[in-house]
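Protein chains in written order, with full-length UniProt numbering: chain H, 1 to 159; chain U, 1 to 920. As structure tokens, the structure follows; a few thoughts come after it.
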Amino acid sequence: MRHNDNLAAGIDDTIQYVTVIIGGQLFGLPISQVHDVFVPESVTRVPLAAPEVAGVLNLRGRIVTAIDMRKRLHLPARDANAQVMAVGIEHKGESYGLVIDQVGEVLRLSNDSMEPNPSNLDKRWAEISGGVHRLDGKLMIILDVTRLFGAMFEPMAAA
Amino acid sequence: MDDLLSEFLTETNESLDVVDVELVKFEQEPNNAKILDNVFRLVHTIKGTCGFLGLPRLEALAHAGETLMGKFRDGAKVTPDAVSLILSSIDRIKEILAELEAANGTEPAGSDHDLISELERMALEADTRGSAADEAPEAEDDGLARGELVEQVLERPLRPGEVSLDELERAFREAEVEVELPVSAPISEIEADAEMEAEAAPPAALAPRSRVREEEAATRETAEKGEKKASVSSQSIRVAVETLEHLMTMVSELVLTRNQLLEIVRRHEDSEFKVPLQRLSNVTAELQEGVMKTRMQPIGNAWQKLPRIVRDLSQELDKPIELEMIGAETELDRQVLELIKDPLTHMIRNSADHGLEMPSDRRVAGKPEKGTITLSAYHEGGHIIIEVKDDGRGIDVDRVKAKVLERGLASEAELDKMTDQQIHKFIFHAGFSTAQNITSVSGRGVGMDVVRNNVELIGGTIDLRSVPGRGSSFIIKIPLTLAIVSALIVEAGGDRFAIPQLSVVELVRVQSNSEHRIERIKDTPVLRLRNKLLPLVHMSQLLGVGPNDGDQEIESDTGFIVVMQVGSQTFGVVVDGVFHTEEIVVKPMSSMLRNLTMFSGNTILGDGAVIMIIDPNGVASAMASHASSVVAENERKEAEDAMTSALDGQSTVSMLLFRAGSPEPKAVPLSLVTRLEEFEVSKIEHSNGRDLVQYRGSLMPLVYIEASQTRRGEGTQPMLVFSDAGRSMGLVVDEIVDIVEDRMNIEVGSDRAGILGSAVIKDKATEIIDLGYYLPQAFEDWFMRKEMDIAALTKKVLLVDDSAFFRNMLTPVLKAAGYDVTAVNGARQAFELLENGDTFQAIVSDIEMPEINGFEFCEALRRDPRFRKLPVLALSAVVSPASIERGRQAGFDDYVAKFDRPGLIASLKDLFAGEMGIAA
Chain H
1 MRHNDNLAAG
11 IDDTIQYVTV
21 IIGGQLFGLP
31 ISQVHDVFVP
41 ESVTRVPLAA
51 PEVAGVLNLR
61 GRIVTAIDMR
71 KRLHLPARDA
81 NAQVMAVGIE
91 HKGESYGLVI
101 DQVGEVLRLS
111 NDSMEPNPSN
121 LDKRWAEISG
131 GVHRLDGKLM
141 IILDVTRLFG
151 AMFEPMAAA
Chain U
1 MDDLLSEFLT
11 ETNESLDVVD
21 VELVKFEQEP
31 NNAKILDNVF
41 RLVHTIKGTC
51 GFLGLPRLEA
61 LAHAGETLMG
71 KFRDGAKVTP
81 DAVSLILSSI
91 DRIKEILAEL
101 EAANGTEPAG
111 SDHDLISELE
121 RMALEADTRG
131 SAADEAPEAE
141 DDGLARGELV
151 EQVLERPLRP
161 GEVSLDELER
171 AFREAEVEVE
181 LPVSAPISEI
191 EADAEMEAEA
201 APPAALAPRS
211 RVREEEAATR
221 ETAEKGEKKA
231 SVSSQSIRVA
241 VETLEHLMTM
251 VSELVLTRNQ
261 LLEIVRRHED
271 SEFKVPLQRL
281 SNVTAELQEG
291 VMKTRMQPIG
301 NAWQKLPRIV
311 RDLSQELDKP
321 IELEMIGAET
331 ELDRQVLELI
341 KDPLTHMIRN
351 SADHGLEMPS
361 DRRVAGKPEK
371 GTITLSAYHE
381 GGHIIIEVKD
391 DGRGIDVDRV
401 KAKVLERGLA
411 SEAELDKMTD
421 QQIHKFIFHA
431 GFSTAQNITS
441 VSGRGVGMDV
451 VRNNVELIGG
461 TIDLRSVPGR
471 GSSFIIKIPL
481 TLAIVSALIV
491 EAGGDRFAIP
501 QLSVVELVRV
511 QSNSEHRIER
521 IKDTPVLRLR
531 NKLLPLVHMS
541 QLLGVGPNDG
551 DQEIESDTGF
561 IVVMQVGSQT
571 FGVVVDGVFH
581 TEEIVVKPMS
591 SMLRNLTMFS
601 GNTILGDGAV
611 IMIIDPNGVA
621 SAMASHASSV
631 VAENERKEAE
641 DAMTSALDGQ
651 STVSMLLFRA
661 GSPEPKAVPL
671 SLVTRLEEFE
681 VSKIEHSNGR
691 DLVQYRGSLM
701 PLVYIEASQT
711 RRGEGTQPML
721 VFSDAGRSMG
731 LVVDEIVDIV
741 EDRMNIEVGS
751 DRAGILGSAV
761 IKDKATEIID
771 LGYYLPQAFE
781 DWFMRKEMDI
791 AALTKKVLLV
801 DDSAFFRNML
811 TPVLKAAGYD
821 VTAVNGARQA
831 FELLENGDTF
841 QAIVSDIEMP
851 EINGFEFCEA
861 LRRDPRFRKL
871 PVLALSAVVS
881 PASIERGRQA
891 GFDDYVAKFD
901 RPGLIASLKD
911 LFAGEMGIAA
């Protein structure tokens, strides 16, 4: 998939993004990094874990660590019975699920419309954002998975 | 690296390990031709393979070693020096092999000339020492047999792919030996042994005599070997560990899926899947067992290096040591085996260095000079027990104690309460070594703690028993495999958790009305279990899940206690429910969760849910820290309790008992004493008519309780130090007796200055001293200084008495009762004070006074409107109904006998209470 992606990028300088909505904000994940999209069910809580760890769940025989993106982005918690979705990501051979509110369409965006993070962006957001795309009527923040995990592991290493 | 080379490396390393072991054996029984043959054959194989692969350096070295061993075989005397030399050659070969592996198949540069020349020299020596002249032709014979091949190789190192006729020939000759190697070590050993037994008799008998006969025997033997080996090689194949690992993972998945299916079928009672599923279940179980078996290896594989290590240690330490190995065939998981190797080696070193005494000491102790280290292994339940035992001196408890104190790991008081066994456990602490000298072997501060950590890492436990003078033994208990564990599924705080069965000792059901009832000591829950107290912790509290009010929950009737044992620690974990046991496949947690010490992994249960696996070691350490936080909490509470009880006068008071001047005990409330000090008598100075001592940068006056009291002539002088607002006073005492908790009920009042009265403390009449009397002796203004602060709180009382004796006696009494006393010697002075505007809340007046007696004084006061309502007390030595009536007429509020001090205090109290009542 990465190969195709690069190929595509080589030709018309665009990247495909899987868009997700977290707390009303549109985010985009490069499609090459998204393994699957699923509804997280029967999530087992992990006591004593970091607050953003929603728990662990069984996804087709694999144990996936679910990360609540609302908590990660310091957004208010969603309603108890609200529908949630999860985006499956692989990081260093381990499976993670980013728990988000809703999955949107797949967008093919040109790098032209991308801009770096605004300097006044919330530090905690800037930490995991790879830039902003100007779309019609809204902005899409690029969720940089590498930085997301980097930011989550580093403080732990220190602790 | 090509496959041939990597195979060669694996094989050669295995062979070398065997050579190590065999050589050590050989050194002990130099006449055992069987062992020599074995060693010779192995070295020969290594040499041959090296030549085949074009590794000249290795080959030359192996050849030189082989030559020397050949001499032994021909009857040369075996010396320890020679064995050492061969062993060091083997070590060099190992080094070269390691570099070879690292360098991807290229032999490292360098020369082994030192070793080779030494080996050759020794071979020559052996030759010259050879017993008879007929030995020489035999040696030549040997040369004829294969000399030309060897020489050729030595002269011209071969490159890969270059094969000479000789090489080929030799390859053929050695083919049978090579096929033997692929078989895993134990089989080959057994096989070899069997062969040896089969053909040992004839060659052993003939060997020293006829070379020709021996050659014959060898040929026959080779033929036999060839047959046997062929059959063995067709029965076993070498499989990459990776393949096995993968197989294991797949089987684990299969087990999980089967569990899921079983779970589904359990819900549908009459499912047609039931029977085939039962079959699938059985097959899966068998498959799992089969795959597990492929991972199993005899523990002897981990012991291979030990005889060599012990031999070296024996030489290095100059102690004869015998290593006994029992149960080498006991099998355990390859993975566990790898992890246990290093700890075992370390423990053997430890036993050799610390455990066993020097031979001279052993002789004195009446033991054989040769120390014995016994290594044994056996199965017990799902575990393997490995024991390392020595017959040495045992653990020196006193030395451990000294070390513990030195390192500050525990206080002396704590140590006193510990059993020897508990003290022994300290050797598992980090950085603990009792070796007096740092040797190259041990005593470097990395010791048993590393062993313990490694053992615990694989879910094992380590224990230790030691008998002074008899030796000590370390017992390791480890699971047979790490991949699949049997776990108890429990519920706590609404979530399920898996607890490995390994650490679960038993389950206890909690019922409030049965004998198994949770009791508490302060706030610590405990359980009486077979006359022992078991500390408890609620799992939901440990994990911080469920209701925060864990205390209430822990007392509830429904619950189970999982009794767990981790190392020597036994404790109970209270859970809400226990489901069943399940074979689970431990899967590592994602790196995001790996910082959680409470869990060792997670797994998927039969119903498809993910469950966290509790790490017993994590619980044990959390338990310890939980306990200490409870202790801290308790200490805080106790401090609070002490505060409140101190405020509450009714409760007991800590009293300091001492002797001063007279033999009767004296007491003072401990809370008033700042500290107890002892001063060198020589430090006590005399200045301005009083004794002083330098204390904390200033001069502290010393006060004697009785005039008759003499301070000591020499040594130290004990004293009680009272400090307040930067001033200190030393009350000189003869002896500090005790500190007791008791009620301070002064039963008999005293009229001696400085003594409040007598109370019964510790069943003895004890004088309670009146600090109010002594403090002003040090600083006259001791109480005055506080006047400003407490003016609002204390009542000012004017004491009028012509007798200095009574003034001195009553002033402290009133002061001790909380009054601010001003004493004057007569009515005239009293009037002066009152006219000057000094105000008093009460006046206590003597009756019998010169000039103006008490009655007149009082009548004069009452005539003045300012003092009409001022309470005035009469104090008289003469108490008669007539005088009391006279007093009342004069206007006194009360009339008290002069020696009735409690009456005086009570009367004053009544007066002020009445006044307050009026005011209110």
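Every residue gets a Cβ at the ideal spot worked out from N, C-alpha and C, and that includes glycine.
Practice item. Under 8 Å Cβ to Cβ from U:VAL86, same chain only, skipping five residues before and after it: list those, please. Key: Residue identity differs from the one stated: residue 86 of chain U is Ile in this sequence, not Val. Contacts found: LEU23, GLY65, LEU68, MET69 and LEU119.
| Proximal residues to H:VAL53 (C-beta, below 8 Å), its chain only, five neighbours per side dropped | For H:VAL53, the CB contacts under 8 Å within the same chain, skipping 5 residues up- and downstream, are VAL46, THR65, ALA66, ILE67 and ASP68 in chain order.
Task: Whole-angstrom distance between U:ASP838 and U:MET788, CA atom to CA atom - done: Caution applies to U:MET788, whose pLDDT of 37 falls short of 50 and renders its modelled position unreliable; the value that the coordinates give is listed next. The alpha-carbon atoms of U:MET788 and U:ASP838 are separated by roughly 15 Å.
Problem - 4 or more residues per run - each alpha helix (DSSP H) lying fully within the segment 344 to 374 of chain U - result: Positions of the alpha helix (DSSP H) runs, each at least 4 residues long and wholly inside the segment 344 to 374 of chain U, are given as 359 to 364 in order along the chain.
Closest to U:GLU286 by C-alpha separation, out of U:LYS305, U:LEU771, U:VAL251 and U:ASN259, would be which residue? U:VAL251
Sorted by chain position, which residues of the same chain lie with C-beta nearer than 7 Å to U:LEU5's C-beta, five sequence neighbours on each side aside? Correct list, in chain order: LEU53 and GLY105.
task = Could you spell out where the alpha helix (DSSP H) holding U:MET539 opens and where it closes?
result = 539 to 543
**Report entry** Beta-bridge partners of U:ALA667, as assigned by DSSP
**Finding:** Bridge partners of U:ALA667: U:LEU657 and U:ILE768.
Notebook entry, point to check: Is the Cβ of U:MET592 closer than 8 Å to any Cβ of chain H?
Noted result: yes
| Closer than 7 Å at the beta carbon, the chain H residues around U:GLY608 | ASN58
- request: Please name the residue in U:MET598, U:LYS795, U:LEU702 and U:HIS63 whose C-alpha comes closest to that of U:GLY689.
  value: U:LEU702
*asked:* Measuring straight from C-alpha to C-alpha, what distance separates U:VAL397 and U:GLY618?
replied: 29 Å
- Query: In chain order, what residues of the same chain lie with their CB nearer than 6 Å to the CB of U:LEU833, ignoring the 5 residues before and after it?
  - Reply: Cβ within range, chain order: n/a, list empty.
Beta strand (DSSP E) segment containing U:PRO80, residue limits: Element bounds for U:PRO80: not the beta strand (DSSP E) but the alpha helix (DSSP H), 80 to 102.
Check whether the Cβ of H:ARG147 lies closer than 8 Å to any Cβ atom in chain U.
no
| First and last residue of the alpha helix (DSSP H) that includes U:VAL400? | Where U:VAL400 is concerned, the enclosing alpha helix (DSSP H) stretches over 397 to 407.
- Query: Going by beta carbon distance, what residues of the same chain come within less than 7 Å of H:LEU98, once the five residues before and after it are set aside?
  - Reply: ILE67, MET69, ALA86, VAL87 and ILE89
Query raised in the report: So, using beta-carbon positions, are H:ASN58 and U:ALA609 closer together than 8 Å?
Result: yes
- So which residues on chain U does H:ALA49 lean against when the C-beta distance must stay under 7 Å? Within chain U, LEU593 and LEU596 have C-beta atoms less than 7 Å from the C-beta of H:ALA49, given in sequence order.
Item to complete: Consult DSSP for H:ALA80 and reduce its assignment to one of helix, strand or coil.
Response: Per DSSP, reduced to three states, the secondary structure at H:ALA80 is coil, with no helix or strand assignment.
> Since U:LEU543 meets chain H, which of its residues come closer than 9 Å, beta carbon to beta carbon?
Replying inline: The contacting residues are PRO47 and LEU48.
query: Along chain U, which residues have their Cβ under 8 Å away from the Cβ of H:VAL53?
result: H:VAL53 reaches chain U at MET592 and LEU593, counting residues in chain order whose Cβ is nearer than 8 Å.
_Contact under 8 Å by Cβ, U:SER728 with U:TYR704_ = No; because the gap between Cβ atoms is not below 8 Å, this pair is not in contact.
*Please state if the CB of U:ILE237 and the CB of U:VAL310 are separated by a distance shorter than 8 Å.*
No. Outside cutoff.
Looking only at C-alpha atoms, which of H:VAL145, H:LEU109 and H:SER113 sits nearest to H:ALA126?
H:VAL145
Task: Closest Cα partner of U:LEU672 within the set U:ASP342, U:SER654, U:THR597 and U:HIS429 - done: U:SER654
message = So, under 8 Å CB-CB, U:THR330 and U:ALA377 are touching, yes? Tell me the CB distance rounded to an integer number of Å.
response = 4 Å
| request: Specify the secondary structure class of U:HIS516 as computed by DSSP and reduced to three states. | output: coil
Checklist entry - Exposed or buried, what is U:ALA103 when buried is set at 16 or more other beta-carbons lying within 10 Å of its beta-carbon? => result Around the beta carbon of U:ALA103, fewer than 16 other beta carbons lie within 10 angstroms, which makes this residue exposed.
Check the Cβ of H:GLU94 against every Cβ in chain U and list those closer than 7 Å, keeping chain order. SER590 and SER591
Margin query: So that I know if they touch, is there some Cβ in chain H lying closer than 8 Å to that of U:ASN602?
Written below: yes
Which residues DSSP lists as bridging U:ASP691, in chain order: U:HIS686
Worksheet entry | Buried or exposed (CB count within 10 angstroms, at least 16 for buried), U:ASN31 | exposed
Any beta-carbon of chain H closer than 8 Å to the one on U:LYS587?
yes
Note to self: I need the DSSP call for U:LEU158, collapsed to helix, strand or coil.
What the structure shows: At U:LEU158, the pLDDT of 46 sits below 50, so the modelled position is not reliable and the matter cannot be decided from this model.
key: Boundaries of the alpha helix (DSSP H) in which U:PHE40 is found, first to last residue   = 33 to 53
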